[in-house]
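Data first, discussion second: the structure below is written as structure tokens.
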Amino acid sequence: MTAVSQQTSSLQTRQVEQARAEQRKRNTTNALLQTGKYIALLALAFTWAFPLFWTVSSALKDDSQIYTVPPVWIPNPAHWNNFIDGWTRYDFNRAAFNSIFLYSLPVTVFTLISSTLVAYGFSRIKWRWREQLFWVCIATMMLPWQVTMVPLFITYRYLGWINTYLPLVVPSLFGTAYFIFLLRQFFLTIPDELSDAARIDGASEIGILWRVIVPLSTPVLAVVALFRFLWSWNDYLGPLIYLNQEKLYPIALGIERLRRTATGMGTSALAYPHLMAVSTLVAMPIIIIFFVAQRTFVEGISTTGLKG
Amino acid sequence: MALAAAKPRADMSKQERRNLLVGLLFVSPWILGFLLFAIFPLITSLYYSMTNFDFIRDPQFIGLKNYERLFTNDPDFYTVLYNTFYYIVFAVPLGVAVAFLIANLLNGKVFGRSTFRGLIYVPAIMPAMCTAIVWLFLLNVQYGAINGVLKSMGWATIPFLSSPALAKPSLIIIYIWLQGAAVTIFLAALQDVPRSLYEAAELDGADSWKKFRNITIPICTPVILFNLIMGFITAFQEFTVPWMLTQGGPMKSTELYAVSLYRNGFIQLSMGKASAMAWILFLIIMAFSFVLFRTSARWVYYGGEK
Numbered sequence: 006m007t008a009v010s011q012q013t014s015s016l017q018t019r020q021v022e023q024a025r026a027e028q029r030k031r032n033t034t035n036a037l038l039q040t041g042k043y044i045a046l047l048a049l050a051f052t053w054a055f056p057l058f059w060t061v062s063s064a065l066k067d068d069s070q071i072y073t074v075p076p077v078w079i080p081n082p083a084h085w086n087n088f089i090d091g092w093t094r095y096d097f098n099r100a101a102f103n104s105i106f107l108y109s110l111p112v113t114v115f116t117l118i119s120s121t122l123v124a125y126g127f128s129r130i131k132w133r134w135r136e137q138l139f140w141v142c143i144a145t146m147m148l149p150w151q152v153t154m155v156p157l158f159i160t161y162r163y164l165g166w167i168n169t170y171l172p173l174v175v176p177s178l179f180g181t182a183y184f185i186f187l188l189r190q191f192f193l194t195i196p197d198e199l200s201d202a203a204r205i206d207g208a209s210e211i212g213i214l215w216r217v218i219v220p221l222s223t224p225v226l227a228v229v230a231l232f233r234f235l236w237s238w239n240d241y242l243g244p245l246i247y248l249n250q251e252k253l254y255p256i257a258l259g260i261e262r263l264r265r266t267a268t269g270m271g272t273s274a275l276a277y278p279h280l281m282a283v284s285t286l287v288a289m290p291i292i293i294i295f296f297v298a299q300r301t302f303v304e305g306i307s308t309t310g311l312k313g
Numbered sequence: 548m549a550l551a552a553a554k555p556r557a558d559m560s561k562q563e564r565r566n567l568l569v570g571l572l573f574v575s576p577w578i579l580g581f582l583l584f585a586i587f588p589l590i591t592s593l594y595y596s597m598t599n600f601d602f603i604r605d606p607q608f609i610g611l612k613n614y615e616r617l618f619t620n621d622p623d624f625y626t627v628l629y630n631t632f633y634y635i636v637f638a639v640p641l642g643v644a645v646a647f648l649i650a651n652l653l654n655g656k657v658f659g660r661s662t663f664r665g666l667i668y669v670p671a672i673m674p675a676m677c678t679a680i681v682w683l684f685l686l687n688v689q690y691g692a693i694n695g696v697l698k699s700m701g702w703a704t705i706p707f708l709s710s711p712a713l714a715k716p717s718l719i720i721i722y723i724w725l726q727g728a729a730v731t732i733f734l735a736a737l738q739d740v741p742r743s744l745y746e747a748a749e750l751d752g753a754d755s756w757k758k759f760r761n762i763t764i765p766i767c768t769p770v771i772l773f774n775l776i777m778g779f780i781t782a783f784q785e786f787t788v789p790w791m792l793t794q795g796g797p798m799k800s801t802e803l804y805a806v807s808l809y810r811n812g813f814i815q816l817s818m819g820k821a822s823a824m825a826w827i828l829f830l831i832i833m834a835f836s837f838v839l840f841r842t843s844a845r846w847v848y849y850g851g852e853k
């Protein structure tokens, strides 16, 4: 009897010990995994941050610091005036004015209005063929811009729209499939009762959209505005095709022009520092907006991938 | 729904007819835009692809000659196709894999998580123009940061952008650097993986790798598919970075499809040839997406909904 119980108890202790050893082993593997994870993350962060760091660092150098081997990491003295000199070496004030007031701002406002109206029609009113038409709308996102680029160029040329911002701005009056999709997904989450109540009170559909739906949708409207502004601020190909008068150049074409003149023969003094300084200045507003509105951005991107 | 659509209009009640009218009114900007900026150019581009057109003379109809010439009599076209497929076959899956790994590293309790996420997303929202300028200097043979370090250690420099063999891999590295949006999408997807699955697996004694392999990956397959398709579509249309970085060189090694299309259409003004190229690209993208969708049934997990 005692022998048996002794045996069991020794078996139990052995089991407990085994479990403890396993736990210890698991703890060490876990600790190792955690360390490995942070090492990997630090390596990644370094890889991602390095080009950004290099941009700012190069923006603060003069030519002798640019052409030094090994590279100068933190320039001393730092040439802060590169930011002003680079910006004025080409007329970036005018380019920024064009980018903002002739392109990004109108396109953003028009996209907000048109895409909201269309998304409302695709989500808050029930009508025949709505879903079918919506799928056609989604399918247009698959259409590569190259296919429509040539005939649209020919048409705009015929209309006399080359060297105006019309080819870049007018299409935004007709809604953009991607934003229609984003807005519709959001509008669908708003309870129907709210619209019905307003309808009983005699509100028109436009009234419901303006007084019920829009106030509830400010986060997604912010996403649309942010992304649309970003796209046009960053756009290079559109202006490249449609604008060839220098006084119309937006920032992207301005940088290209600066690059060509600054790195050209004979004038290459301070080419890279100035280019880097201007790149920093152009990317800065976008990065600041991103960190201020990080949550909004993240929500905007996440919904794209998950729903639908 | 299909049945309802097939019914004649007379069956609609007054309310239904009103809704149809109001609904159509709201979406009418898009319908108009669809006709003007999708259907109309799609049809005319098919027509232009069968013409000789350079803006000097009127378009001349030549049937399928443009297509025929591209495939049989154009020394560059196959190079461009090769470059594009090389770029896509490596860049897109690598981009998705790296984004997925980063998202997994950032998932859960991680010190400084939102800073990491922000840092990885910043390149994705930088103007492509700035990206190109930054990398142009970073990869410079003589004064770039990487070669500067190699040189100072007395090692051989790497001609990232001036050697035909390395120019495409350099573009692929830049593409991966720009995957911030994919990381964010994956992170959101990872947050939706039910905790209970991991807990159950832990009770069964599964280690981290098994959990990753048998839970995380299967649940994320729909998002992997989404990122793959979006990746393919955007990579096929990549223009600004290769154009600014290398203008298609050295020795046409980075002449990607969109770059070549732009060159043919807007520099050489062969609008007919450019339209034919655009249609071939369109068909390739359709075929790619179709194949991905069809094979996806085998590896994508749809949470038992369907």
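Protein chains in written order, with the working numbering: chain A, 6 to 313; chain B, 548 to 853. All C-beta atoms in this analysis are idealised placements derived from N, C-alpha and C, irrespective of residue type, glycine included.
Give me the Cβ distance between tryptophan 59 of chain A and isoleucine 667 of chain B, rounded to the nearest whole Å; I'm assuming they're in contact under 8 Å.
Numbered from 1 along the first sequence, position 54 holds the residue referred to as residue 59 of chain A. Numbered from 1 along the second sequence, position 120 holds the residue referred to as residue 667 of chain B. Going by Cβ atoms, the distance from tryptophan 59 of chain A to isoleucine 667 of chain B rounds to 17 Å, so no, they are not a contact pair.
Along the chain, where does the alpha helix (DSSP H) that runs through valine 657 of chain B open and close?
Here residue 657 of chain B corresponds to residue number 110 of the second sequence, with the count starting at 1. First-last for valine 657 of chain B: undefined, no H or E at that position.
Measure the beta-carbon distance from tyrosine 108 of chain A to serine 237 of chain A and round it to whole angstroms, keeping in mind my assumption that it falls under 8 Å.
Walking along the first sequence from the start, residue 108 of chain A turns up at place 103. Walking along the first sequence from the start, residue 237 of chain A turns up at place 232. Yes, they are in contact, since the Cβ atoms of tyrosine 108 of chain A and serine 237 of chain A sit about 5 Å apart, within 8 Å.
Just to check my reading of the structure: valine 229 of chain A and threonine 116 of chain A have Cβ atoms closer than 8 Å, yes? What is that Cβ distance to the nearest angstrom?
Taking the first sequence and counting its residues from 1, the one referred to as residue 229 of chain A is at position 224. Taking the first sequence and counting its residues from 1, the one referred to as residue 116 of chain A is at position 111. Contact holds; Cβ gap of about 7 Å.
For asparagine 103 of chain A, three-class secondary structure by DSSP:
The residue you call residue 103 of chain A lines up with position 98 of the first sequence. DSSP places asparagine 103 of chain A in helix when its eight states are reduced to three.
Report yes if the CB atom of threonine 73 of chain A is closer than 9 Å to the CB atom of glycine 695 of chain B, and no otherwise.
In the first sequence, counting from the first residue as 1, residue 73 of chain A sits at position 68. In the second sequence, counting from the first residue as 1, residue 695 of chain B sits at position 148. A contact, by the Cβ cut-off of 9 Å.
Buried or exposed for proline 75 of chain A, please, with buried defined as at least 16 other CB atoms from any protein chain shown within 10 angstroms of its CB.
Working through the first sequence from its first residue, we reach residue 75 of chain A at position 70. Looking at its Cβ environment, which holds fewer than 16 other Cβ atoms inside 10 Å, proline 75 of chain A is exposed.
Kindly say whether arginine 133 of chain A, judged by its beta-carbon, lies nearer than 9 Å to any beta-carbon of chain B.
Reading the first sequence from its first residue, position 128 is the one you call residue 133 of chain A. Closer than 9 Å: yes.
Answer with yes or no whether the minimum CB distance from tryptophan 238 of chain A to chain B is below 9 Å.
By one-based count along the first sequence, residue 238 of chain A stands at place 233. Yes, tryptophan 238 of chain A lies at the interface with chain B (some Cβ there is under 9 Å from its Cβ).
So alanine 100 of chain A and isoleucine 256 of chain A are in contact, right, with Cβ under 8 Å, and what is the actual spacing, rounded?
Working through the first sequence from its first residue, we reach residue 100 of chain A at position 95. Working through the first sequence from its first residue, we reach residue 256 of chain A at position 251. Correct: roughly 5 Å between the Cβ atoms.
Going by DSSP, what residue range makes up the alpha helix (DSSP H) through alanine 692 of chain B?
As a position in the second sequence, residue 692 of chain B is number 145, starting the count at 1. From DSSP, the alpha helix (DSSP H) with alanine 692 of chain B extends over 692-699.
Is threonine 598 of chain B helix, strand or coil by DSSP?
Within the second sequence, residue 598 of chain B is the residue found at index 51, counting from 1. Looking at threonine 598 of chain B - three-state DSSP - the assignment turns out to be strand.
For chain A, check one thing: does any of its Cβ atoms lie closer than 9 Å to the Cβ of tyrosine 634 of chain B?
On the second sequence, residue 634 of chain B is found 87 positions in, with the first residue counted as 1. Cβ-Cβ to chain A under 9 Å: no for tyrosine 634 of chain B.
Under 8 Å from the C-beta of leucine 157 of chain A: neighbouring residues of chain B
On the first sequence, position 152 is the one that residue 157 of chain A refers to. Per Cβ cutoff of 8 Å: Phe584, Pro588.
From A:Leu188, A:Phe97, A:Tyr170, residue whose alpha carbon lies closest to that of arginine 129 of chain A
Numbered from its first residue, the first sequence carries residue 129 of chain A at position 124. The candidate whose alpha carbon is nearest that of arginine 129 of chain A is A:Leu188.
Quick one: residues in its chain with C-beta nearer than 8 Å to the C-beta of aspartate 623 of chain B, no 5 flanking neighbours on either side, listed in chain order?
Indexing the second sequence from 1 puts residue 623 of chain B at position 76. The residues are Lys799, Glu802, Ser807.
Among residues of its own chain, excluding the 5 on either side of glycine 796 of chain B, which ones have a beta-carbon nearer than 7 Å to its beta-carbon?
Stepping through the second sequence from its first residue, residue 796 of chain B is reached at position 249. Once the five neighbours on either side are set aside, glycine 796 of chain B has no close Cβ partner at all.
When A:Phe106, A:Ser62, A:Cys142, A:Glu198 are compared against leucine 171 of chain A, the one with the closest alpha-carbon:
Position 166 of the first sequence, counting from 1, holds the residue named residue 171 of chain A. Of the candidates A:Phe106, A:Ser62, A:Cys142, A:Glu198, the one whose C-alpha sits nearest the C-alpha of leucine 171 of chain A is A:Phe106.
Hey, valine 688 of chain B and leucine 718 of chain B: beta-carbon distance below 9 Å or not?
Counting from 1 along the second sequence, the entry for residue 688 of chain B is found at position 141. Counting from 1 along the second sequence, the entry for residue 718 of chain B is found at position 171. Cβ distance not < 9 Å, so valine 688 of chain B and leucine 718 of chain B don't count as in contact.
Give a yes or no on whether 9 Å exceeds the smallest Cβ distance from tyrosine 125 of chain A to chain B.
Taking the first sequence and counting its residues from 1, one reaches residue 125 of chain A at position 120. Yes, its Cβ sits closer than 9 Å to a Cβ of chain B.
Counting contacts by CB-CB distance shorter than 9 Å, is tyrosine 108 of chain A in contact with chain B?
The residue given as residue 108 of chain A occupies position 103 in the first sequence. Not one chain B Cβ lies under 9 Å of tyrosine 108 of chain A.
Just how far apart, CA to CA, sit isoleucine 649 of chain B and alanine 298 of chain A?
Here the question's residue 649 of chain B lines up with position 102 in the second sequence. Here the question's residue 298 of chain A lines up with position 293 in the first sequence. Their Cα atoms are separated by approximately 22 Å.
Going by the DSSP bridge assignment, what does glutamine 607 of chain B pair with across the sheet?
In the second sequence, counting from the first residue as 1, residue 607 of chain B sits at position 60. Glutamine 607 of chain B is bridged to B:Asn599.
At 3 residues or longer, what runs of the beta strand (DSSP E) sit wholly inside the stretch 161-217 of chain A?
none
Per-residue DSSP class, three states only, for proline 716 of chain B:
Indexing the second sequence from 1 puts residue 716 of chain B at position 169. Correct three-state label for proline 716 of chain B: helix.
Can you find a C-beta in chain A that's less than 9 Å from the C-beta of tryptophan 846 of chain B?
The count along the second sequence starts at 1 and reaches residue 846 of chain B at position 299. No, because no Cβ of chain A sits closer than 9 Å to the Cβ of tryptophan 846 of chain B.
Looking at chain A, is there any beta carbon in it that lies within less than 9 Å of the beta carbon of methionine 833 of chain B?
Locating residue 833 of chain B in the second sequence gives position 286, counting from the first residue. Interface residue, yes.
Are the stretch 655-670 of chain B and the stretch 723-733 of chain B in contact at 8 Å, needing three or more beta carbon pairs?
yes
Isoleucine 211 of chain A versus aspartate 67 of chain A - alpha carbon distance
As a first step, residue 211 of chain A must be located in the first sequence, where it is residue number 206. As a first step, residue 67 of chain A must be located in the first sequence, where it is residue number 62. Those two C-alpha atoms are separated by around 58 Å.
When you compare the CB of glutamine 689 of chain B with every CB in chain A, is at least one pair closer than 9 Å?
As a first step, residue 689 of chain B is located in the second sequence; it is residue number 142 there, counting from the start. True, the Cβ-Cβ gap to chain A drops below 9 Å.
Roughly how many angstroms lie between the CA atoms of proline 278 of chain A and threonine 787 of chain B, to the nearest whole one?
Position 273 of the first sequence, counted from the first residue, corresponds to residue 278 of chain A. Position 240 of the second sequence, counted from the first residue, corresponds to residue 787 of chain B. Their backbone Cα atoms lie some 21 Å apart in a straight line.
Chain A residues whose Cβ lies nearer than 8 Å to that of tryptophan 826 of chain B
Counting from one through the second sequence, the residue named residue 826 of chain B turns up at place 279. The answer, in chain order, is Val152.
Considering only residues of the same chain and omitting the five flanking positions on each side of glutamine 20 of chain A, which have a CB-CB separation below 6 Å?
Here residue 20 of chain A refers to the residue found at position 15 when the first sequence is read from its first residue. So no residue of the chain qualifies.
Going straight from the alpha carbon of tyrosine 804 of chain B to that of phenylalanine 658 of chain B, what length do you get?
The residue given as residue 804 of chain B occupies position 257 in the second sequence. The residue given as residue 658 of chain B occupies position 111 in the second sequence. If I take the Cα positions, the gap works out to 42 Å.
So what does DSSP say about glutamine 815 of chain B, is it helix, strand or coil?
Mapped onto the second sequence, residue 815 of chain B falls at position 268. Correct three-state label for glutamine 815 of chain B: coil.
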